[in-house]
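> This note's numbering puts the first residue of the sequence shown at 24, with every later residue one more than the last.
Even glycine gets a Cβ: it sits at the ideal position worked out from N, Cα and C.
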Amino acid sequence: LIIDTKNCQGVLPHNIEEIAFNAVVVKWNPMDGPVKVNIAVHCLSTDFSNQKGVKGIPLHIQIDTYEQNPRENTLVHRGYSQIKAFCDK
């Protein structure tokens, strides 16, 4: 999972932090307007399937929105979107 910081809008690069191999934290202020974060997923459909000739496999990107609070982080919204990884030809 790679964040394309050059094409992000509404968030500064120093507010993007990789916290795990497949997890990223993006800090933003919703009062400043909408945010656009471009991500790249580098994998092949054959990485997740034992079958040969798989043309594409559905994956999900999960987005959790937390309210930042000094005492605790409260989950405000959880959403997901389906993406497809294709085999390299």
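List the whole-angstrom C-beta distance separating residue 28 from residue 39, where the pair is believed to meet the contact cut-off of C-beta under 8 Å.
Sure, about 6 Å apart at Cβ, within 8 Å.
> How big is the Cα-Cα spacing for residue 31 and residue 58?
Going from the Cα of residue 31 to the Cα of residue 58 covers about 8 Å.
> If you check the beta carbons only, do residue 26 and residue 62 fall under 8 Å apart?
Cβ distance < 8 Å, so residue 26 and residue 62 count as in contact.
> So, with DSSP's three-state summary, where would you put residue 59?
In the structure shown, residue 59 sits in a strand (DSSP, three-state: E or B).
> With a threshold of 6 Å on Cβ separation, who are the neighbours of residue 55 within its own chain once the five nearest residues in sequence on each side are excluded?
Nothing meets the Cβ criterion.
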